[in-house]
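In the working numbering, the protein residues as written are 13 to 315.
Note that beta-carbon positions come from the ideal geometry of N, C-alpha and C, so glycine has one too.
A short write-up of the structure that comes next.
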Amino acid sequence: MKELVLILFAVALTAVAPLRAQQSSTIDEPGLAFLQEMEDTLGLLAYAVVNDSIAEHRFGACREMIPRLVKALKVENSFEYPFEKLRPVSIQYPQDSSFRIFTWQLYVDENDYRYYGAIQMNSPELKLYPLIDRSFKIEDAESAVLSPENWYGAVYYNLLGFDTPDGSKAYLLFGFDGDSFFRKRKLIDVLRFQDDGPVFGAPVFVKEGNQRKNRVMLEYSAEVSTHCNYDGLLEMVIFDHLIPMNGPYGEGMTNYPDGSYEAYRLQNGLWMHVDKVFNQVSDEAPRPTPILDNRPKDIFGRQ
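This is the structure we're talking about:
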């Protein structure tokens, strides 16, 4: 069933021939009315995908949601429509608004989450790139360079543009992966655009001894939350330092924050590792609002 949903998603998006949009900067009245109607339906489907307690209902809502979202994004100038009612769907924009990226989560069972997404370009052509989650088949994720058809799936909660050493534009993607019952992950991926489309992963994370990573993966116990985000005041990517400990429920060794923080700082187009950000260590590490805790809220902690 879950493989069928993946296939339908790929077909729904790739079967759409690029349409030439006019240069108008506004959505016309029929288009706006259609988008508002579609948004109401998509909002209900997205809520069911994330929150329904019955697996078949979640899968069915996801199958229905995909072609409807594609149809909505085909509307002329739809890039300007914010889709504010799609609360369970993350929609992230770079500062230059050159594209936006939709991502959402499908809970399969306690040890299996699948992710769906699409990149919509802000261009005269209504170009969409489907993102097909293959994280369950990807080995050595920190070294892999991936395509949209072979995507390490996640819900992205932040996006940051930067210039690489060769002067080209790239973007950090901060994401959450539910992974399994005992372990969760956060990741920092890198998105670039080449002539043939988006590419995920680039060797821009540098640790001691010039060791490079294409993305950063942080795996931690589901008992805790961890911080991983860009801090504009410090101008660094700040994340919890994790240490391995035996889990209390027989799950074996897993990682916990120890109250200190690491970072990556941008220097000449590369993100250089900072071993320790602050001199003091908290007895109990400060916690941001967990992304998937407190189920009455949506997956981004919104009421």
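Asked: As assigned by DSSP and simplified to three states, the class of Y261; Found: coil
Asked: Element boundaries [beta strand (DSSP E), containing I39]; Found: Where I39 is concerned, there is no enclosing beta strand (DSSP E), given that its DSSP letter is neither H nor E.
Asked: Boundaries of the alpha helix (DSSP H) in which F71 is found, first to last residue; Found: 67 to 85
Asked: Sub-8 Å separation of V120 and V157 beta-carbons; Found: no
Asked: Whether R80 touches L56 by CB criterion (8 Å); Found: no
Asked: Exposed unless 16 or more other CB atoms sit within 10 angstroms - verdict on T238; Found: buried
Asked: Beta-carbon separation (whole angstroms), D145 vs W163, contact threshold 8 Å; Found: 6 Å
Asked: Buried or exposed (CB count within 10 angstroms, at least 16 for buried), H253; Found: buried
Asked: Buried or exposed (CB count within 10 angstroms, at least 16 for buried), G173; Found: exposed
Asked: Collapsed DSSP secondary structure at V167 in the structure displayed; Found: strand
Asked: Spatially closest choice to R70 from G43, S102, Y127, K86, by CA coordinates; Found: Y127
Asked: Whole-Å CB distance - I68 paired with L98, under 8 Å assumed; Found: Correcting the residue type first, residue 68 is Glu in the shown sequence and not Ile. Going by Cβ atoms, the distance from E68 to L98 rounds to 22 Å, so no, they are not a contact pair.
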